[in-house]
Structure formats: structure tokens, C-alpha cells
Amino acid sequence: MNRLNILAIESSCDETAAAVATELNGGPVLLSSVISSQIEIHKEFGGVVPEVAARAHIENIIPVVAEALRDAKLSLRDITHIAVTAGPGLIGSLVVGVETAKAIGISRDIPLIPLNHLEGHIYANFIREIKNEKLKIKNLEPEFPLVALLASGGHSMLIHMPKHLKYEVVGSTRDDAAGEAFDKAAKILGLGYPGGPAISKAAENGNPEKYNFPIIDLTPRPSRNKDGFLIKPEPSLDFSFSGLKTSLITWVKKITLDGRPLTKKEQCDLAASFQKAVVECLSQNVLRAIEKYQPKTFILSGGVAANNLLRETLADRIAEKYPKTAYLIPESILCTDNAAMIASAAYYHIQTLKLQTKSSANFSAEPNMKL
Ligand code: KG4
Ligand code: ZN
0 MNRLNILAIE
10 SSCDETAAAV
20 ATELNGGPVL
30 LSSVISSQIE
40 IHKEFGGVVP
50 EVAARAHIEN
60 IIPVVAEALR
70 DAKLSLRDIT
80 HIAVTAGPGL
90 IGSLVVGVET
100 AKAIGISRDI
110 PLIPLNHLEG
120 HIYANFIREI
130 KNEKLKIKNL
140 EPEFPLVALL
150 ASGGHSMLIH
160 MPKHLKYEVV
170 GSTRDDAAGE
180 AFDKAAKILG
190 LGYPGGPAIS
200 KAAENGNPEK
210 YNFPIIDLTP
220 RPSRNKDGFL
230 IKPEPSLDFS
240 FSGLKTSLIT
250 WVKKITLDGR
260 PLTKKEQCDL
270 AASFQKAVVE
280 CLSQNVLRAI
290 EKYQPKTFIL
300 SGGVAANNLL
310 RETLADRIAE
320 KYPKTAYLIP
330 ESILCTDNAA
340 MIASAAYYHI
350 QTLKLQTKSS
360 ANFSAEPNMK
370 L
């Protein structure tokens, strides 16, 4: 058989992406990664418009796949597996990637691997090396057991992984996701879309101590047993961000009571204070999860992992409190949606599950796919 060459396709939300990965020294090595972002298209609507996203994917998918092959200096003849995000995500967006993968796989008799987008985010940390002129990265291999924080536009989860492809969700959000909180906050502050980068940019010129936001802790109150002894509950690993959003609305209303718009300074101070609160909420539960599971590695993943304050805060606190836990984060370009992470997850599916080399197109897009 040929050398392992995986073509991966990702189209779950508003990025059309394709990547090619191969194997080197028992790990996935990227040969190319192409991302066509729709940010400019959705900007004027203040968020992703599903119908518009689906149409843009249709226009972009073939050129993006062709560019990924070209950058990898390979043709479809060299590809041994096609991996594609099958869910979760927007149905109209997912279908474009899934049906494109099937069309190529069936016509060329190349085995297909449907994958979970969330798994992809986690496996962005397992890309060992990138061999391409446009991107150069060399990573350590994460050791198990590990704990991952997955914080994106649709999810906020803490995941315990005892080994490859085994996921135990130990904390999740009760309402908004962390990225969604950033997106909504940016809208409230008039900072535009996507919210995460807009908030962190404004925060660079703001005072994070200026406005107070609650640090949400969902640990139940201590209770008394029948003998009157105080029972201290285990600290909660769940998140809630909707209260922060309400708090932001309350601050904005208070500041603009006389009907004037927010000044630039107020916008930046609110962005910095809000960002600090989100990072504190995330960090609080990350440290609790590390304390509970004592993992060898902690990994950060998902679009919010591109946030510099979060990256630095966790680096400092983990080094101080848990110096034996290795801390890994993907390059920012591999945190937000991309197909390289899907290629990496596919590599471990192929190796761990010893996937057969027979093509099966017996799967469809699953917008609510669970990890
Ligand atoms: O993983 P991702 O690209 O897409 C989903 O799977 O949802 O994550 C997108 C989310 C958006 O909510 C965006 O605002 C957030 O990640 N994000 C950030 C930053 N860059 C992207 N949040 C905070 N700081 C950033 N620098
Ligand atoms: Zn994502």
C-alpha cells in the first residue's frame, strides 16, 4: 500500500477548509492546510447566516480541496483516506463537506472516515509537525491521561481522556458557550463579528479592573446531613456564561443612562473586564479538573484557545500549581476551525481502530453529533 496520505475536509460552520496529512515516526505530519474564511461575508450581518454559509461552502469547496492537494504536492491518486467532519455544526454547511467527500471517495474508491468536529479540536494538539512552506510547527506528543478544555463558539467542555479516542465529558456549560459569550458581548459593545478577536483587541487598550463581573461557580452550597454535620460538595466543573452577558448589559445601561453612546475608553475597559471574567471562569474549572484527575497533560482547544489572556493565564497557573502537568496549546491558526485537526483525528482513528481500507459512504451529516 501507498504511504498513508489523508485528505481532510471541514465545513461545519463558516470556514471551508481542507488539509493533507501523512505519517512520520508514528505521528501525523501536515503537508498542507487551507482555510477559506467567510468572516467578510457574515460581518455585515453581525453573525453567521446559515443559508449564506452553505452557499459560500458550495462555491469554495472544490478550489480549497484542489489547493490543499497542490500545496501538499500530491494528487488524488496519492490519497489513501478521506476524512470529513460529519457533525456537530450547521446542517447546510456540513452537508457540503460530507457530500463532497463522498463524491470523491466513491468515484476514486478511497476509504471515507466521518469524524466529530469536537474530536478534531482536541486532536489539533496531536499534530506533530508541519512540513509546508506556509506553516512551520513542531509539537510535543501529549501524554495520557490528559484533561482538555474545549472552548469554542458552540461548546465549553472539560474532557478527561484516559487514552486515545476515549472521551469522558466531566464539565460542560449550562447555557452559553465561552465563544458565544464573547460573540454576544462584542455585539452588545458594538465591536462587530467575530466577537472573540474583537473583544481581545479592544481589551489591549482597556483596564480589566475597571468594572466588576461575577466569577460564576456552580458548586452547590454545603448542606447538613441528618446528624447535623456539614457536607462540603465537590467543586463543580460546569460553566455558565449567560450571567456575565446580563451583567455586561446592566453595566452598559448604567453607563449610558443619559442616552449617549459608549466612549472608546468605556468600550475598551468593558471589553477588558469582561474578558478577564470569562478567563477567570474557565481557569477556575480547569484547575479543579487538574486537581481531580491529576493528568500528565493538559491541553487547550477550540476557537477560544486562540485568546492570549487565556493561554497566558493557564500557562502561569498550571506551572505554579501543577508543575508536573505538561501544558499544550495548538498554534492559534489551529485553534479556530480548520481541516488539519480533522486530518490529525483521522490519523488516530486509522491507527487505533485499525480501520479497514474499504470505502463506505453509509453516513450522513449529523448537526447534533455528540462526542
Ligand atoms: O472553534 P471555532 O472556530 O468554531 C466553533 O467550533 O464554534 O470557535 C469560534 C469561536 C467564536 O465564538 C470566536 O469568537 C471565538 O471562537 N474566538 C475567540 C478568539 N478567536 C476566536 N475568543 C476569544 N479570543 C479569541 N482570540
Ligand atoms: Zn470549531
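Per numbering that gives the first Met the number 0, the sequence shown starts with residue 0, numbered consecutively. Here a beta-carbon is modelled for each residue, glycine too, at the ideal position from N, C-alpha and C.
Notebook entry, point to check: Going by C-alpha distance, which of 319, 322 and 313 is nearest residue 328?
Noted result: Taking residue 328 as reference, the option from 319, 322 and 313 with the minimal CA-CA separation is 313.
Margin query: Let me check understanding here. Comparing Cα to Cα, which of 290, 241, 298 and 256 lies closest to residue 276?
Written below: 241
Next item on the list: Taking only runs that begin and end inside the stretch 286-318, name each unbroken alpha helix (DSSP H) of 4 or more residues, in chain order.
Entry: The qualifying runs do not exist here; there are none.
Check: Hey, how far is the Cα of residue 322 from the Cα of residue 311?
Finding: 15 Å
Next item on the list: Measure the beta-carbon distance from residue 405 to residue 341 and round it to whole angstroms, keeping in mind my assumption that it falls under 8 Å.
Entry: Given a span of 0 to 370 for the chain in the structure shown, any question on residue 405 remains unanswerable.
Next item on the list: Alpha carbon to alpha carbon, how far is residue 215 from residue 253? Give it in angstroms, no decimals.
Entry: 22 Å
Checklist line | Local conformation of residue 74 per DSSP, three classes | finding: coil
Note to self: Checking the sheet assignment: what are the DSSP bridge partners for residue 127?
What the structure shows: According to DSSP, residue 127 bridges with nothing at all.
Note to self: At the level of alpha carbons, what is the spacing between residue 309 and residue 282?
What the structure shows: 8 Å
Note to self: Just to confirm before moving on: does the CB-CB distance between residue 49 and residue 91 stay below 7 Å?
What the structure shows: yes
Check: Are the beta-carbon atoms of residue 15 and residue 35 separated by less than 7 Å?
Finding: yes
Next item on the list: Please confirm whether any heavy atom of the ligand ZN lies closer than 6 Å to the CB of residue 182.
Entry: no
Note to self: Tell me whether residue 199, by its Cβ, gets closer than 6 Å to a heavy atom of the ligand KG4.
What the structure shows: yes
Next item on the list: With a threshold of 6 Å, establish whether the CB of residue 395 neighbours any heavy atom of the ligand KG4.
Entry: Because the chain in this structure spans residues 0 to 370, residue 395 falls outside the shown range and cannot be described.
Check: Going by DSSP, what residues sit across from residue 81 in a beta bridge?
Finding: 6 and 111
Notebook entry, point to check: For residue 27, which residues does DSSP report across the bridge?
Noted result: 22
Item checked: Near the ligand KG4: residue 336 beta-carbon under 6 Å from a heavy atom -> yes
Margin query: Contact between the stretch 68-85 and the stretch 103-117 is defined here as three or more beta-carbon pairs at a separation below 8 Å; is this criterion met?
Written below: yes
Check: So what's residue 215 in DSSP terms, helix, strand or just coil?
Finding: coil
Item checked: Residues near residue 167 by beta carbon distance below 6 Å, same chain, minus five either side -> 159
Notebook entry, point to check: Where residue 63 and residue 205 are concerned, what is the direct C-alpha to C-alpha distance, given to the nearest angstrom?
Noted result: 38 Å
Next item on the list: Could you say which of 261, 144 and 84 lies nearest to residue 291 if we only look at CA atoms?
Entry: Closest option to residue 291, judged by alpha-carbon separation, among 261, 144 and 84: 144.
Note to self: To test your reading of the DSSP string, which unbroken alpha helix (DSSP H) runs of 4 or more residues are found completely within the stretch 147-216?
What the structure shows: 177-188 and 194-202
Next item on the list: State yes or no: is the C-beta of residue 151 nearer than 6 Å to some heavy atom of the ligand KG4?
Entry: yes
Item checked: Environment of residue 249 [buried if 16+ CB atoms lie within 10 Å] -> exposed
Checklist line | For residue 36, three-class secondary structure by DSSP | finding: Residue state, collapsed to three classes: strand.
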